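K.L.:
Line by line, the protein sequences give chains A and B. Residue numbers 1279 to 1411, in our numbering, belong to the letters of the first sequence in order. Residue numbers 1279 to 1411, in our numbering, belong to the letters of the second sequence in order. Next up is a structure, given as structure tokens.
2 protein chains.
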Amino acid sequence: MKLSQEEAEDVAKQLNYRHNGLVLAIAQDLNTSQVLMVAFMNEEAVRKSLTTGIMHYWSLERNRLWKKGEQSGNFQYIEEVLVDCDFDALLFKVQQIGGACHHGFFSCFHRKIMGNQFETIEAQVFDPRKVYK
Amino acid sequence: MKLSQEEAEDVAKQLNYRHNGLVLAIAQDLNTSQVLMVAFMNEEAVRKSLTTGIMHYWSLERNRLWKKGEQSGNFQYIEEVLVDCDFDALLFKVQQIGGACHHGFFSCFHRKIMGNQFETIEAQVFDPRKVYK
Chain A
1279 MKLSQEEAED VAKQLNYRHN GLVLAIAQDL NTSQVLMVAF MNEEAVRKSL TTGIMHYWSL
1339 ERNRLWKKGE QSGNFQYIEE VLVDCDFDAL LFKVQQIGGA CHHGFFSCFH RKIMGNQFET
1399 IEAQVFDPRK VYK
Chain B
1279 MKLSQEEAED VAKQLNYRHN GLVLAIAQDL NTSQVLMVAF MNEEAVRKSL TTGIMHYWSL
1339 ERNRLWKKGE QSGNFQYIEE VLVDCDFDAL LFKVQQIGGA CHHGFFSCFH RKIMGNQFET
1399 IEAQVFDPRK VYK
């Protein structure tokens, strides 16, 4: 799904960037409905995501626009976008290439709480040492 | 799913409350896999959620612990909890009573971006005027 520059600007300016100038962005796998990750977007990341059809976040660590998959090739292609009732969070249904997690898993949510333990419930889908050099 | 006080404290203290002292909390419907909402939790809200099995958030608006459904009765019963690779976000699979959205919808993500429009794609499941008095 791609929007024109004008449409993307229209949408982006109607959101409420109330989390230190950012909105929340959840990526959900279109096919499995698995939640892949949650991160933040500034207005530019929203516009870039909507016009290119590829997820762009605002990286809190690197303090810059972050095209997801720029290093790994594990892009997230946007199929559908939902907005929440507060206009401060977006839900993107995506086609995930490879895996979303930089540790090699399909989802960043690959650990389940069992008692006081965090148990890994997924197998790796790629080897992060080969993908991130 | 409920944890003992000790287990919940163990889990809660291992999370990274890096978003102004909070972690992100996504609620996903266990049966439909629909993402219902995203909000924040402080350490107390994490402990309360895990020990009671009912979602408790930290309300940014009211600046206090918020038991979801306290007014409406639309509680979220926790069935499963996943943690992300950064330990700063939790994914709760829940049984949603009524609907999650205070506007009467099952999910807060009930508007889809179509061009530059936000189109409501769900029917209301309750009348908010009757539920919130």
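Glycine is no exception: its CB is placed at the ideal position from the N, C-alpha and C atoms. In this text, all values refer to a predicted model and were calculated from it rather than measured experimentally.
Please name the residue in B/G1351, B/E1358 and B/Y1295 whose C-alpha comes closest to that of B/G1382.
P.N.:
Nearest of B/G1351, B/E1358 and B/Y1295 to B/G1382, Cα basis: B/G1351.
K.L.:
Can you list the residues of chain B that A/H1381 reaches, using a CB-CB cut of under 7 Å?
P.N.:
Near A/H1381 (Cβ distances below 7 Å), the residues of chain B are C1363.
K.L.:
So, is the C-beta of A/V1313 closer than 9 Å to a C-beta in chain B?
P.N.:
Judged by the 9 Å Cβ criterion, A/V1313 is in contact with chain B.
K.L.:
Using the Cβ count rule (16 or more neighbours within 10 Å means buried), how would you classify A/R1389?
P.N.:
Under this definition A/R1389 is a buried residue.
K.L.:
Grouping DSSP H, G and I as helix and E and B as strand, with all else coil, what is B/Q1418?
P.N.:
What the structure shows of chain B is the stretch from 1279 to 1411, and residue 1418 of chain B is not part of that stretch, so it cannot be assessed.
K.L.:
Helix or strand or just coil, what does DSSP make of A/E1339?
P.N.:
It is coil, neither helix nor strand.
K.L.:
Does the beta carbon of B/G1393 come closer than 9 Å to any beta carbon on chain A?
P.N.:
B/G1393 counts as touching chain A.
K.L.:
The alpha helix (DSSP H) spanning B/Q1283 covers which residue range?
P.N.:
Residues Q1283 to K1291.
K.L.:
Could you please give me the residues that DSSP links to B/V1361 through a beta bridge?
P.N.:
DSSP, once it has assigned bridges, lists A/R1389 and B/L1368 as partnering B/V1361.
K.L.:
Using the Cβ count rule (16 or more neighbours within 10 Å means buried), how would you classify B/K1326?
P.N.:
With 16 or more other Cβ atoms within 10 Å, it is buried.
K.L.:
So, does the CB of A/V1372 fall closer than 9 Å to a CB anywhere in chain B?
P.N.:
Output row for A/V1372: interface = no.
K.L.:
Report yes if the CB atom of B/F1387 is closer than 9 Å to the CB atom of B/M1315, and no otherwise.
P.N.:
Against a cut-off of 9 Å, the Cβ pair of B/M1315 and B/F1387 comes out as a contact.
K.L.:
What do you reckon, are the CB atoms on A/A1323 and A/A1305 nearer than 9 Å?
P.N.:
Against a cut-off of 9 Å, the Cβ pair of A/A1305 and A/A1323 comes out as no contact.
K.L.:
Specify the secondary structure class of B/A1323 as computed by DSSP and reduced to three states.
P.N.:
Three-state result, B/A1323: helix.
K.L.:
Would the segment 1356-1364 of chain A count as touching the segment 1335-1345 of chain A if we require 3 or more Cβ pairs under 8 Å?
P.N.:
Output reads no: the segment 1335-1345 of chain A does not touch the segment 1356-1364 of chain A.
K.L.:
Can you pull the chain A residues whose beta carbon is under 8 Å from the beta carbon of B/I1304, in chain order?
P.N.:
Neighbours of B/I1304 on chain A, chain order: I1304, V1313 and V1316.
K.L.:
My assumption, with CB atoms under 8 Å, is that A/Y1355 sits in contact with A/E1321. Please give the rounded CB distance.
P.N.:
With 8 Å as the limit, A/Y1355 and A/E1321 do not qualify as a contact, their Cβ atoms being about 21 Å apart.
K.L.:
Taking only three categories from DSSP, how would you classify A/K1408?
P.N.:
Looking at A/K1408 - three-state DSSP - the assignment turns out to be helix.
K.L.:
Exposed or buried, A/G1393, counting other C-beta atoms within 10 Å across all chains shown (16 or more means buried)?
P.N.:
Exposed is the call here.
K.L.:
Check this for me: beta carbons of B/L1328 and B/K1280, under 9 Å apart or not?
P.N.:
Against a cut-off of 9 Å, the Cβ pair of B/K1280 and B/L1328 comes out as a contact.
K.L.:
Does B/K1326 have its Cβ less than 9 Å from a Cβ in chain A?
P.N.:
Chain A contact via Cβ: absent.
K.L.:
Buried or exposed: which applies to A/G1377, given that a residue is buried once 16 or more other Cβ atoms fall within 10 Å of its Cβ?
P.N.:
Under this definition A/G1377 is a buried residue.
K.L.:
B/L1281 versus chain A: which residues are under 8 Å apart at the beta carbon?
P.N.:
Near B/L1281 (Cβ distances below 8 Å), the residues of chain A are I1391, G1393 and N1394.
K.L.:
Starting from the beta carbon of B/D1288, find every residue of chain A whose beta carbon is closer than 8 Å, and list them in chain order.
P.N.:
Those are N1394, listed as they occur along chain A.
K.L.:
Does B/L1369 have its Cβ less than 9 Å from a Cβ in chain A?
P.N.:
Judged by the 9 Å Cβ criterion, B/L1369 is in contact with chain A.
K.L.:
If contact means a Cβ-Cβ distance below 7 Å, which residues of the segment 1332-1364 of chain A contact chain B?
P.N.:
Under the 7 Å Cβ criterion, the segment 1332-1364 of chain A contributes E1358, V1359, L1360, V1361, D1362 and C1363.
K.L.:
Applying a beta-carbon distance threshold of less than 8 Å, which residues of chain A neighbour B/E1416?
P.N.:
No answer is possible for residue 1416 of chain B: it lies beyond the span of chain B, which begins at 1279 and ends at 1411.
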